[in-house]
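Under my numbering, read the sequence shown as residues 39 to 439, first letter to last.
C-beta: ideal position from N, C-alpha, C; glycine also.
I have placed the structure first, in the form of structure tokens, so that the comments after it can refer back to it.
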Amino acid sequence: MRIFASLSLAVFALTPLAATAQTPAAPQVVAQTPPMGWNSWNYFAGRVTDKDIRDSADLIVSSGMKDAGYIYVNIDDTWEGERDASGVLHTNSKFPDMKGLADYVHSKGLKIGIYSGPGSKTCGGYAASLGHEEQDAKMYADWGIDYLKYDLCSFIPDVLEKQAPNDHAAQMRLMFAAYDKMGKALKATGRPIVYSLCQYGWDAVWEWAPALGGNLWRTTGDITPHWDRIYAIVSQQAGLESYAGPGHWNDPDMLEVGNGKLSLAENRTHFTLWAILAAPLLAGNDLPHMKPEIKAILTNRDVIAINQDALGKQGTRTYSDGEVEVWTRHLQGGALAVAIIAAGDSRYSTHPFHLNLAKLGLHGPQSGKDLWTGKPITLTDSQPIEIESHDVLLVRIATPK
Ligand code: GAL
């Protein structure tokens, strides 16, 4: 499947389509900060139903998640039925009335998202949009859809391998054209719809997605609720920070907070890193059974404020010392977020980690707030910092010196 893996974008730099892709995008009216909401895939996968979406919308409101900023309720794959003789795609029996469902979600003051792809089939083998892009976009707008995740999947065998076998340059043009087509179809509806590209972070998607109308683009393959996978994804974000900004975001995939067997520390660190990375905050957990400590992580206003910072500047790993990593994010008004992560085993207390403030461009003790305890903290070079394995210290320094 990794047909583009060795692709160099330089090959396309001279093509007319790539030239188009470099023209500045029109002003964005959506996703001025990273989208926040919930998506059905990480917990429900193919089992999701209309009722699950309604229940989740109810719970986003009653849990306080809506007030904390979670607005999009996104249906992922497996809602699709068959196309009729006029090409109209119907929903399957799990989603008997999509317009009614969208109205319900809207009645809660939330927005609703849906899923398709440029191939004939989705990743789950359901009908996708190939040859029906305008028709589908119009139908989404008629239903009141506010967000589309558009997943490459069968476009590879359906189009790329058939029309341009072993021709990377031609395959790239086909993929640009496919994402561009749906981007334009969404715009033509006149409805503001967040456009989320899902092609697993291949082909330097961050370089061309914004010009095709993409508001976010996956930068990796699928996340799973395992520390090693989450940490591998985080490592793949290095160097992508310059591509993110208001209206266009790197997407290291949806949150697994509260899923699987992630420890509390791992959930906290996962959420911290998504805040530092200016990543979309799309929860993917089982809301009816959300534990209080998981809700506390997902609704930590201080951490969400880092994620949603209006400057829109994605953070980066500033340095690492063994398995301790120091990530920073510059915030509006000159503030700085510093996340110190014990990515491996915790350091022996006989040899604890010490921060090197000069490496962060800081001089002398720094007063800040520990965003996970809510308490004031002073960061110095001399104070040993002991962090449990996979846990994090996240500090916001309002006036760094
Ligand atoms: C994958 C995608 C997942 C999910 C799934 C649905 O390709 O990365 O996030 O959408 O398809 O089939």
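Assigned secondary structure, residue i (DSSP; H/G/I helix, E/B strand, else coil)
i	result
residue 437	coil
residue 229	coil
residue 298	coil
residue 121	strand
residue 274	coil
residue 40	Its pLDDT being 37, under 50, residue 40 is placed unreliably by the model, and nothing is read from it.
residue 332	helix
residue 146	coil
residue 240	coil
residue 209	helix
residue 165	strand
residue 259	coil
residue 393	coil
residue 286	strand
residue 313	helix
residue 321	strand
residue 221	helix
residue 280	helix
residue 139	helix
residue 250	helix
Distance cut-off 8 angstroms: residue i Cβ against heavy atoms of ligand 1
i	result
residue 162	yes
residue 211	no
residue 153	yes
residue 283	no
residue 79	yes
residue 85	no
residue 256	yes
residue 262	no
residue 259	yes
residue 292	yes
residue 141	no
residue 225	no
residue 114	yes
residue 189	yes
residue 110	no
residue 386	no
residue 233	no
residue 217	no
residue 178	no
residue 185	no
residue 238	yes
Exposure label - residue i; buried when at least 16 CB within 10 Å
i	result
residue 434	buried
residue 104	buried
residue 397	exposed
residue 421	exposed
residue 272	buried
residue 339	exposed
residue 333	buried
residue 277	exposed
residue 370	exposed
residue 116	buried
residue 201	exposed
residue 381	buried
residue 424	exposed
residue 85	exposed
residue 128	exposed
residue 428	buried
residue 449	Because residue 449 is not part of the residues shown, which for the chain are 39 to 439, the question remains open.
residue 78	buried
residue 199	exposed
residue 110	buried
residue 135	exposed
residue 388	exposed
residue 178	buried
Presumed contact (8 angstroms Cβ cut-off) between residue i and residue j, rounded CB distance
i	j	result
residue 336	residue 362	Not a contact, Cβ separation roughly 25 angstroms.
residue 404	residue 351	Contact doesn't hold; Cβ gap of about 19 angstroms is too wide.
residue 289	residue 260	Contact flag wrong, Cβ pair sits at about 12 angstroms.
residue 165	residue 156	With a Cβ gap of about 13 angstroms, residue 165 and residue 156 do not count as contacting.
residue 253	residue 232	5 angstroms
residue 264	residue 298	7 angstroms
residue 98	residue 168	With a Cβ gap of about 33 angstroms, residue 98 and residue 168 do not count as contacting.
residue 160	residue 189	6 angstroms
residue 186	residue 139	Contact flag wrong, Cβ pair sits at about 15 angstroms.
residue 353	residue 314	4 angstroms
residue 76	residue 320	6 angstroms
residue 192	residue 158	6 angstroms
heavy atom of ligand 2 below 8 angstroms from residue i C-beta
i	result
residue 437	Ligands displayed in this structure: ligand 1; ligand 2 is not among them.
For this session: Tell me the start and end of each unbroken beta strand (DSSP E) in the segment 344 to 380 that is at least 3 residues and wholly inside, in chain order.
Result: 354 to 359, 362 to 368 and 374 to 380
Problem set entry | Completely contained alpha helix (DSSP H) runs for the segment 71 to 137, where each covers 4 or more residues | With a minimum length of 4 residues, the unbroken runs of alpha helix (DSSP H) contained wholly in the segment 71 to 137 fall at 79 to 82, 88 to 100 and 103 to 106.
For this session: Please specify which runs of the alpha helix (DSSP H), each continuous and at least 4 residues long, are wholly inside the segment 171 to 206, giving them in chain order.
Result: 171 to 181
Problem set entry | Runs of beta strand (DSSP E) wholly within the segment 381 to 430 (minimum 3 residues, chain order) | 404 to 408 and 414 to 417
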